[in-house]
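Protein chains in written order, with our numbering: chain A, 124 to 715; chain B, 124 to 715. A virtual CB, placed ideally from N, CA and C, is assigned to each residue, including glycine. Here the structure is a predicted model, which is why all the values come from computation and not from measurement. Below is one structure, written out as structure tokens; comments come after it.
Protein chains: 2
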Amino acid sequence: MPSRSSPTGTPGRRLPRRIQAWIPNWMQHYRRDWLAGDLSASIIVALLLIPQGLAYAQLAGLPPMAGLYASIGPLLVYGFFGSSMTQSVGPMAITSAMTAAALAPLAAPGSTQYLLLAATLTLLSGLMLMLFGTFKLGGITRILSLPVIQGFSAGTALLIALGQTGALLGTAWRGDTVLVLAINFPAAVHKLHLSTMLFGLSGLALMWLAANPASHLLGKLGVADKAAQMAGKILPLPVMIALAALLATLDNTHQIKTLGQLPAAHLGSSAITGLNSLDLASVQSLLLPALLIGLAGFLQSITVAQSIAASRHQTVDANRELLALGNCNLASAIVGGMPVSGGFSRTVVNTNAGAQTPLAGMLSAIWIILALWALLPLLAFLPQALLAATIILATARMISLSQLRQAWQFDYRDGIAWLMTFGGVLLTGPMVGIALGVGIAIALYLWRSQQPHIAVVGRVAQSEHYRNVLRHQVETTPEVLAVRIDENLYFANIANVITQINTQLSQHPASRQLLLILSAVNSIDYSAVNALKDWQRELADQGITLHLAEVKGPVLDTLRHGDFLDQLTHPPFISTHAAMQTLSPQELDYSI
Amino acid sequence: MPSRSSPTGTPGRRLPRRIQAWIPNWMQHYRRDWLAGDLSASIIVALLLIPQGLAYAQLAGLPPMAGLYASIGPLLVYGFFGSSMTQSVGPMAITSAMTAAALAPLAAPGSTQYLLLAATLTLLSGLMLMLFGTFKLGGITRILSLPVIQGFSAGTALLIALGQTGALLGTAWRGDTVLVLAINFPAAVHKLHLSTMLFGLSGLALMWLAANPASHLLGKLGVADKAAQMAGKILPLPVMIALAALLATLDNTHQIKTLGQLPAAHLGSSAITGLNSLDLASVQSLLLPALLIGLAGFLQSITVAQSIAASRHQTVDANRELLALGNCNLASAIVGGMPVSGGFSRTVVNTNAGAQTPLAGMLSAIWIILALWALLPLLAFLPQALLAATIILATARMISLSQLRQAWQFDYRDGIAWLMTFGGVLLTGPMVGIALGVGIAIALYLWRSQQPHIAVVGRVAQSEHYRNVLRHQVETTPEVLAVRIDENLYFANIANVITQINTQLSQHPASRQLLLILSAVNSIDYSAVNALKDWQRELADQGITLHLAEVKGPVLDTLRHGDFLDQLTHPPFISTHAAMQTLSPQELDYSI
């Protein structure tokens, strides 16, 4: 077990070491004055988690209860393994949509096989996260760049919101991608259910009013910012309950679909008991989805946990978070749930509501169990359209075009990465989309370094400084061409660098010495050195001698492993000025 | 049409422009004194191409004649489109093995369907190369690093040589990967054909003696190096003919397999006439193989063409080579051949034998046609074991462990790239292997830049120079921590950089000013800037002010697009010294 960091920072000394190692520091040092905050946060988060759990289970194609089970187990487990004090774990919109995409080709939503596959997917995802944590691969999410993360979130959110529009309007409009949605659109329009549509749209409007303008209003009326923000998250719940009650008291002659009688708790149908009834081929086809869902969930968890920890001067250990999330997913699989992760919205609510330790989350789990027990019969009256409205409200916040604008303004290539990932998700779904995103981020980085900047430099009069001849008034010598290379040299750009410098050489036909200034070259690879060696021989054939200057320590170390330096007529010069003093014809004055 | 460069460098002015545009410069300016070289080279290359064509067709699972057809058409076409003066085009070992790997799942080798698919594959490959050339994507092969290219060649060569061992020893030992070969090994050993084995092994030994020690001997006896080298390439042919003649004159009671009666020329069964009998699914499944075969062929062509052109002070245009190779493959498809490319061995022979222009290749094609006409009946007596020996001799040269040693010595990561690509090809075949290679090259480059070097710097006494405190005797100020970052900042490494500097800050608790020296940062992306912005706010919370110095022009331009610079309390300093003069407490003397 990794050691536990405590909010107070002092290690516990009261219990025998072996037991102590299993009890998190925050528990060993729990202070009574934290309890009020933890308690109030636990209640508010439970109020948020119940409708979210039901809605995300529906999104994943699972019975609504699965979403609640997946909220209970992980919350209890996270307290023991997590390193964040305020992270709140449970089902999330993106991972739920990815779960549906992964399972749709394998079984019919709602079937026993589907439940079993969902639990297996959760189990595999948890095992993979634990494996990553064990090998300390907490840095894995760094292969995704910010525009790719943003484009992925926005694309998935839009896809989820569009996918829920059918349930909101009372028609069967389904599809994993915008293409399928577009194809199914005409048929869906024909089957619109008028009263569901009216009910759903008014529900959406009322819940939106409760979430946004109402919380603004509270803020203006003098309620503290954090409290107003929280109210915005919680207020849609009473609106939803009121609307459901209204519909239930009316004679439901309008045939607006409700959740209906829920099946009894299926805590027994867990992944563990059902695993032997699965064939190996199904499990194999779940491996890649499990990995991608695990990574997407971890990415979301670590991002929110780190940003909140930083604002509270605490730290979060990425590798411990991997282990913790892995354990949470195992717990979810065992109770028959679905993939879980930390979520932005609920973690912010938890923090603002005063949570001090993971006790808040553990108490939330207890409230959810009580609610399950007391409210189960009432859930039957919950209209599906309102759950769809919940999902649409949650995902609409994630579609931010101002992110695209900012990325584009900074560098159009970052904007392209945003757009390509966004479009990729819309066209291929979140599962292929996230893989595509990794490829796009890397391809753009390579594109950037592939056409490097080089500058012919000259001497700033009476100094040891050498600057770009195009930007400064400098002195040059026709016999010596001095070129600064502003990029690392590696297989993908070395040919371009050589071509660019050859072009410069043809424009300076008097050059007999070529000086490469490597002050901005931080690394050089085998392919680049071999290309330089070949080029050095070609230049020698043309009567031009190649020299190096300002080679950095690590690059020099690398070059010493090969024989390139032995081919040079002069060892690398320590500075451009030293090189110019040696290489320039004697009659020129290169002293200061 | 792109303009043609001529060996003499002057544009032609004798013909009407429209006709002239279709006639390559070298034809318009052909000098009589080039003819002797072209003629002698054409004969020697034809002698080399005939056994190679037959052998590589067998390797691709095609009738031997397909290899000869594929040598004729492309050689005639290359003269009109190519930009290299000495490139020799035809079937190659690696692309032949890739052809077999691509077609094996789709049809039985030797069947009419197989021939049709081979011609279609060649056609698609040619069209793709032309498309790449049209869009000027000649730089496409730069996504492969040198160790990856070397590991790919060595792995494919070993796989080809192992695959031919069955034919050499007279047993049916087959397999696309080392795993399949290993599984089939016991059965193959049981069916060894003793007399074929003895004949094949002696043939291999004699041909090897003719190729290597004999040419060394000639060199020692005073024959010019180039001539001795050429003799090494050509001598195995008479040995092969002699052995085949020997076998034919003996009563063949030993049942050593020969090519047997060859089917009549199938110039009619071309891709064009057969295309409409192919289903779309087959054509679709050929798209990716066609792309990879095209790229592998182009990679080999451009490498050898550019290295020879450089040694002769000529240039080769990668985009024109793409178009030329594309046309060559179209020609090969039309005559019912197989994918073609420039080849290292034959292009070197062509050059050393005195070729001055592509006329040498065109004449070779004519000799091959004559040979086909005159020698066709005799080919029936050629033992398959000797063709296998030809392939094994050609590929054995490509397996160079000294390349691995050199790459490893330079940087163990380049060695790993070599080994991983080599192993990947052996385990998955050349087709998946080349795709794997691209991934490995990029992953290693990212790995390299992911853990960048940073250095805390101090002032070299009485100077404006600042150096690494670990490597030099320098002066520092406790209030100011100056850190130089030696890598471009982007999404994959920014978190590591911040963590490293945070560690330095915790070791210098008195620091109130943090100065980042960006002299070696050539680019910065959106993700990195956003991380820096968040970090700047966290540092401010801790009472530490962030400053920048020595920001390069292009990086400064990029930073101006966002609002990061506005957050800073002081604009970026022009030099580290200027920053230290401003930021250090007044009592310290920072004048020179």
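- DSSP, read as helix, strand or coil, puts H684/A in coil.
- Under the three-state reduction of DSSP, R469/A is assigned to helix.
- The shortest C-alpha to C-alpha distance from D299/B to any of T705/B, M320/B, P553/B and E610/B is the one to P553/B.
- In the structure shown, the three-state DSSP call for T209/B is coil.
- Listed along the chain, the chain B residues whose CB falls inside 9 Å of the CB of K675/A are H576, D609 and A643.
- Separation of the CB atoms of I514/A and Q287/A is rounded to 5 Å, and the pair is thereby assigned contact status at 8 Å.
- Taking the C-beta atoms as reference points, A494/A is found nearer than 8 Å to I173/A.
- DSSP, reduced to helix, strand and coil, places P462/B outside both helices and strands of the structure shown, so it counts as coil.
- Check the Cα spacing between V271/A and each of L510/B, D664/B, T692/B and S650/B: the tightest is with S650/B.
- Judged by their CB atoms, G449/A and M253/A are nearer to each other than the 8 Å cut-off.
- A contact is defined here as three or more CB-CB pairs under 8 Å, and the stretch 225-241 of chain B fails this definition with respect to the stretch 528-545 of chain B.
- Taking all protein chains shown into account, K259/B has fewer than 16 neighbouring C-beta atoms within 10 Å of its C-beta and is therefore exposed.
- With respect to the C-alpha of V597/B, the residue from Q623/B, G323/B and Q585/B having the closest C-alpha is Q585/B.
- When Cβ-Cβ separations below 8 Å define contact, Y153/B makes no contact with chain A.
- With a cutoff of 8 Å on beta-carbon distance, I522/A and S248/A are scored as not near each other.
- Going by C-alpha positions, T626/A is about 15 Å away from V580/A.
- Residue range Y649 to D664 is occupied by the alpha helix (DSSP H) that includes R660/B, with no beta strand (DSSP E) assigned at that position.
- Your pair H631/A and L655/A does not check out as a contact, with CB atoms roughly 19 Å apart and the cut at 8 Å.
- Chain-order list of chain B residues neighbouring V439/A: empty, with the shortest C-beta distance near 12 Å, by a criterion of under 8 Å.
- When rounded, the separation of the alpha-carbon atoms in L246/A and I457/A is 8 Å.
- By the 16-neighbour rule on beta-carbons within 10 angstroms, V312/A is exposed.
- Between L550/B and V301/B, the CB-CB gap stays under 8 Å.
- In the structure shown, the three-state DSSP call for N450/B is helix.
- With the rule of 3 Cβ pairs closer than 8 Å, the stretch 470-485 of chain B counts as touching the stretch 152-167 of chain B.
- Out of D537/A, L509/A and N616/A, the CA that lies nearest to the CA of V362/A is found in L509/A.
- Residues of chain B with a Cβ closer than 9 Å to the Cβ of Q532/A are, in chain order, H684 and G685.
- For I577/A, the uninterrupted beta strand (DSSP E) run begins and ends at I577 to R582, by DSSP.
- Of the residues S464/B, S405/B, H436/B and L414/B, the one whose Cα lies closest to the Cα of I425/B is S464/B.
- Under DSSP, R590/A forms a beta bridge with G581/A.
- The contact set of I425/A on chain B, defined by CB atoms closer than 8 Å, is empty, because the minimum CB distance reaches about 10 Å.
- Sequence-distant Cβ neighbours of Y153/B in its own chain, meaning closer than 8 Å and more than five residues away, are T480 and L482.
- In this structure, the alpha-carbon of W296/A lies about 6 Å from that of N307/A.
- In this structure, P197/B keeps its C-beta atom at 8 Å or more from the C-beta atom of S468/B.
- In this structure, the beta-carbon distance from V678/B to S646/B falls below 8 Å.
- Uninterrupted beta strand (DSSP E) stretches at least 3 residues long and entirely within the stretch 613-640 of chain A occur at 636-640, given in chain order.
- Chain order gives the chain B residues near E661/A as A433, where near means a beta carbon separation below 7 Å.
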